[in-house]
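Chains as they are written, first to last, in the working numbering: chain A, 231 to 731; chain B, 231 to 731.
A short worksheet on the structure shown next.
Protein chains: 2
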Amino acid sequence: MTLEVYNTLGRRREEFKPLEEGFVRMYVCGPTVYGHAHIGHAKSYVSFDAVVRYLRYLGYRVKYVQNITDVGHLTDNADAGEDKIEKRAAAEHVDPMELAEFYTHSYFEDMDRLNCLRPSISPRATGHIPEQIELVGTLLEKGCAYEVNGSVYFDVAHFKGYGKLSGKKIEDLAAGARVEVHPDKKNPADFALWKKAEKGHILRWRSPWGWGYPGWHLECSVMAMRYLGETIDIHGGGLENAFPHHECEIAQSEAATGKPFVKYWLHNNMVTVDGVKMGKSLGNFITLKDAFKKHHPLAIRYFVLTSHYRSPLDFSESAIEAAEKGLRRIHNAVGAVRSTLAATAREGTSPDTDVAAAAPGTADDTAQKALIEEIDGFCGRFEEAMDEDFNTPQAIGVLSDMVRWTNSILAEGSVGRAVLEKVNDAFNRLGGDVLGIVTKELLGEESAGGLEADLVALLIETRTQLRAAKNFQAADDIRARLWEIGVELKDSPEGTTWKRT
Amino acid sequence: MTLEVYNTLGRRREEFKPLEEGFVRMYVCGPTVYGHAHIGHAKSYVSFDAVVRYLRYLGYRVKYVQNITDVGHLTDNADAGEDKIEKRAAAEHVDPMELAEFYTHSYFEDMDRLNCLRPSISPRATGHIPEQIELVGTLLEKGCAYEVNGSVYFDVAHFKGYGKLSGKKIEDLAAGARVEVHPDKKNPADFALWKKAEKGHILRWRSPWGWGYPGWHLECSVMAMRYLGETIDIHGGGLENAFPHHECEIAQSEAATGKPFVKYWLHNNMVTVDGVKMGKSLGNFITLKDAFKKHHPLAIRYFVLTSHYRSPLDFSESAIEAAEKGLRRIHNAVGAVRSTLAATAREGTSPDTDVAAAAPGTADDTAQKALIEEIDGFCGRFEEAMDEDFNTPQAIGVLSDMVRWTNSILAEGSVGRAVLEKVNDAFNRLGGDVLGIVTKELLGEESAGGLEADLVALLIETRTQLRAAKNFQAADDIRARLWEIGVELKDSPEGTTWKRT
């Protein structure tokens, strides 16, 4: 199997072949840091995190650049309105850069909790003003841009490829322009490369065209090319930014360099809340910090991955609770494997745990080999799923099959150490390295590991012994005291489990 | 009492009066991000964190800017050598900005663990190239700088105040110049504002003087003034940077603006290791990540604060272990207060905890009032210590006195809830808000709070009951199993305590 990705440019699935063997240059549009990240951000950045992780799993070195927009993103897409950062900073009575710093920190904090790997470089738009001015200069020199009253616009009529990503035609855009067209623009589809700073604008820099600031589209072209070269392998972003943002990026970059800007354009779909589109401007967004109060961050990550990145994700309390249960099932199985392995490490190959190395050539040995082949089968199916344009829901399906299989072989007993190690490794690689949902710490359950779990296990054991010795009062006391400190015991024919109350 | 600070400029202690009432503009030289932070960084940034925290405790709004040097810091102080970031990036075969990103993240990770508050703004040198070019232009216009072969140097002969911070004289510097003076320099004390980029230099920008990069001193002047204004209240940094770095900052800034640059210059002293100066170039530095493997980050923070910021700090294993013990004593007392408070909240004013509100006017009431006054006394002495140029060792001394006092009143019993709340608040404000060594989570001890501590406490209780019931086997089993999972019990006449093994 080979990896195939759906390329928005051309609208078809293609075999993935990076420009340079073994090395992937990848850029993803990062957040505008004027508020806390919400579930929509989780959808985008968890999806592309899984892309990066899978590429690395396949052996590629991935240089992953994801920008931070701290200037130039206006409240209106048609080159009008206020700078989002400045507007919010004025409302909060702080320096725009203080605001950007605060929300940049908040963003990474949330992404860390979602177990998203840090990008290789997280460049800031304000950190690349000279390069942006440089690109505007180049476009003016090449006759693809024009200056009016201290602002510079890209002249879409001078770039043949305009519309190739979105499929939009300049004529249709002009005819359909609903908003009042900026009087400085030659064509309604022209877009600002550099905007003159009006009086009172704080985020501004001196340029050959006077004091101003870069247009929003510009930064991505500049930072992608600065760190990844003039042609990059993958450009990711939200579908809602395919037009005009990404279309404009292509126009700027290709008009300047004469080379293709991006080989594969990948777009993630949106998040809806109870069926309605979620958005900052719509006011129905749920911040991650709020979501984390109710749900484990890994459950949210898992929830995102249960939908394909190109499909919409509908957020609802019931859906995320279902996801949390699904993740718990995986964690329970992983925990059971880990603790069985730990027990054998502690006790050697003691017969009472039924974990023993079978003598080669015996019937036992053959059985273990068959089990190991089954694990290889799961890994193969997992890779097949991911090879199909990073089909994470299907990959999670394979993981769930492996969970059921693991539970059944553990229940049957007589699992060899080699099998346990193999399945443990498979969970760590597929669930951990690739999907990022299996971590060292598991969701708090009996099988969770760590000192807390060990302590509760010891209390349960003590209680069981007390009951066996007919000391019911002391056993009940333990149960009651555990309840007081926030641990609930549940007895069942299979034994006693616990959870935090 | 009023706050007094030792001003390196003038070398005397002065009353602290910010330029604007209630508002403090503060800048501290941040790290050059080409390696993991070490104990020397902890000394500097924990010290200034305590400064920021105390100023906020006093009611000031503090705008705290601390830069990230990701370009221009050369391996040699005399404007020669390689860029530290580029050199290390080449060795690691990564993009310089990838390296800077990695170590910037590492730096904040370590600072977070040391419980240093994030600066209001953490500007990057590469993010402020236009402003740096602008300042160089201004200095050239004013005749305080000259261009030679694509580099621009500051002309110290044209700035009268050169040497006012360090007390050095230009003539002496010239006479004592050991290193070969750069042929382009008019005066050995002249320093680079802008350096021509030699072939192969990656971190470079276009300027009116050709491709190049800013001199290291330049960024701090530019970022301090950009975010804090032309005159700031406090500039902090390591004593080793007073000359030439800070001297050059003053020269650049004041020559350009004609205004005083900094009102109060605060310098922290160095860290020695077993008596020898610690430094990256000396190869005897201990990274914080290594130190955290052996010691709790808060113990390192506490250790730093046990020396005055202007005194050297000698790092040794025994010193830090002693510090850890000191911190544990504080945490134990805080934990005891917290759990006594929690117990009264759970049980109401049950007589067996001896926590009751005394009837007004009774002898009991008078006693409680006296205790509350004693707490006020500790707070007053703490503030006196901090008012004396942020004397943290003395402040810690006051905190230790309060610990002893707390232990004794808790041992005596019959402490009113008002007293407990007051002392709890004092620990949280002085030890928490100001010194940052008392946090929600306390060092792992019986008194630590949290589920783990509750579980161990329950096991200890169960064991005690089993022993009382002469069930020694079961009691011993609990002790042995606890040992296995990493918890050691210690029996003494006062009861059983525990620690992690």
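For glycine and all other residues, C-beta sits at the position ideal for the given N, C-alpha and C.
With residue i as the anchor, note down where its alpha helix (DSSP H) starts and where it stops.
i	result
W446(B)	W446 to L458
K524(A)	L518 to K524
G725(B)	Not the alpha helix (DSSP H): G725(B) falls in the beta strand (DSSP E), residues G725 to R730.
S722(A)	Per DSSP, S722(A) belongs to no alpha helix (DSSP H); it is in the beta strand (DSSP E), V717 to S722.
N654(A)	R647 to A656
S483(B)	E477 to T487
M616(A)	A593 to D617
Applying a beta-carbon distance threshold of less than 8 Å, which residues of chain A neighbour residue i?
i	result
M327(B)	I351, P353 and Y457
T592(B)	None at all; the shortest Cβ gap to chain A is about 34 Å.
A486(B)	Simply none; closest approach about 15 Å.
Please list the partners that residue i has in chain B, where partner means a Cβ-to-Cβ separation under 8 Å.
i	result
D684(A)	I715 and G716
R711(A)	L688 and E691
Which residues of chain A have a Cβ atom closer than 9 Å to the Cβ of residue i, listed in chain order?
i	result
P360(B)	I359, P360, I363, W435, R436 and S437
A267(B)	None at all; the shortest Cβ gap to chain A is about 17 Å.
Can a CB atom of chain B be found closer than 9 Å to the CB of residue i?
i	result
D787(A)	With chain A covering only 231 through 731, there is no way to say anything about residue 787(A).
H335(A)	yes
D606(A)	no
Q598(A)	no
E316(A)	no
T204(A)	Lying outside 231 to 731, the shown extent of chain A, residue 204(A) is not represented and no answer is given.
L681(A)	yes
A704(A)	yes
In chain B, which residues lie less than 9 Å from residue i when you measure between Cβ atoms?
i	result
L719(A)	Near L719(A) there are no residues of chain B at all, since even the closest Cβ is about 12 Å away, more than 9 Å.
R348(A)	E331, F332 and H335
Counting only beta-carbon atoms, is residue i nearer than 9 Å to chain A?
i	result
T669(B)	no
N701(B)	yes
D582(B)	Because the pLDDT of D582(B) is 43, which lies under 50, any placement of that residue in the model is unreliable, and the question is left without a value.
Q695(B)	yes
T726(B)	no
L370(B)	no
E691(B)	yes
R283(B)	no
R730(B)	yes
If I measure Cβ to Cβ from residue i and keep anything under 7 Å in the same chain, skipping five residues before and after, which residues do I get?
i	result
D631(B)	F608
W424(B)	V366, S381, V382, S437, W439, G442, P444 and G445
L689(B)	I708 and L712
S546(B)	D504
For residue i, I'd like the list of residues in its chain whose CB is within less than 6 Å of its CB, leaving aside the five on either flank, ordered along the chain.
i	result
P527(A)	R343 and L344
K720(B)	T727
T622(B)	A280 and L535
Closer than 7 Å by beta-carbon distance: list the chain A residues that pair up with residue i, in chain order.
i	result
R291(B)	By Cβ distance, chain A contributes nothing, its closest Cβ being about 10 Å from R291(B), past 7 Å.
Would you mind reading off the limits of the beta strand (DSSP E) that contains residue i?
i	result
G270(B)	Run containing G270(B): none in the beta strand (DSSP E); it sits in the alpha helix (DSSP H), I269 to Y287.
T299(A)	Run containing T299(A): none; DSSP gives neither H nor E here.
N514(A)	N514(A) -> no beta strand (DSSP E), and no H or E assigned at all.
W435(B)	Where W435(B) is concerned, there is no enclosing beta strand (DSSP E), given that its DSSP letter is neither H nor E.
E234(B)	E234 to N237
Y383(A)	S381 to F384
Looking only at its chain, what residues have a beta carbon closer than 8 Å to the beta carbon of residue i, apart from the 5 residues adjacent to it on each side?
i	result
F702(B)	L696
R286(A)	V292 and D663
T669(A)	N345, L528 and G662
Report the neighbours of residue i on chain B: residues whose CB is nearer than 7 Å to its CB, in chain order.
i	result
T356(A)	G357
Is there a C-beta anywhere in chain D that falls below 9 Å from the one on residue i?
i	result
G367(B)	Here the protein chains are A and B, and chain D is not one of them.
Within 8 Å, do at least three Cβ pairs link the region 636 to 653 of chain B to the region 557 to 570 of chain B?
Three or more beta-carbon pairs drawn from the region 557 to 570 of chain B and the region 636 to 653 of chain B are found closer than 8 Å, and the two stretches are therefore classed as touching.
Whether or not the region 354 to 364 of chain B and the region 298 to 317 of chain B are in contact is what I'm after, with contact meaning three or more pairs of Cβ atoms, one per stretch, closer than 8 Å; do they touch?
Yes, since at least three Cβ pairs between the region 298 to 317 of chain B and the region 354 to 364 of chain B fall closer than 8 Å, the two stretches touch.
Is the region 242 to 251 of chain A touching the region 495 to 505 of chain A, taking contact as three or more C-beta pairs under 8 Å?
With a cut-off of 8 Å, the region 495 to 505 of chain A and the region 242 to 251 of chain A do not count as touching, because too few Cβ pairs lie within range.
Check whether the region 322 to 336 of chain B touches the region 314 to 323 of chain A, counting contact only when three or more Cβ pairs, one atom from each stretch, lie closer than 8 Å.
They do not touch, by the three-pair rule.
Quick test of the definition: if touching needs 3 or more C-beta pairs under 8 Å, does the region 247 to 258 of chain B touch the region 447 to 461 of chain B?
Because the criterion of three Cβ pairs below 8 Å is met, the region 247 to 258 of chain B and the region 447 to 461 of chain B touch.
For the region 514 to 528 of chain B against the region 474 to 482 of chain B, are there 3 or more C-beta pairs whose distance is under 8 Å?
No, they do not touch.
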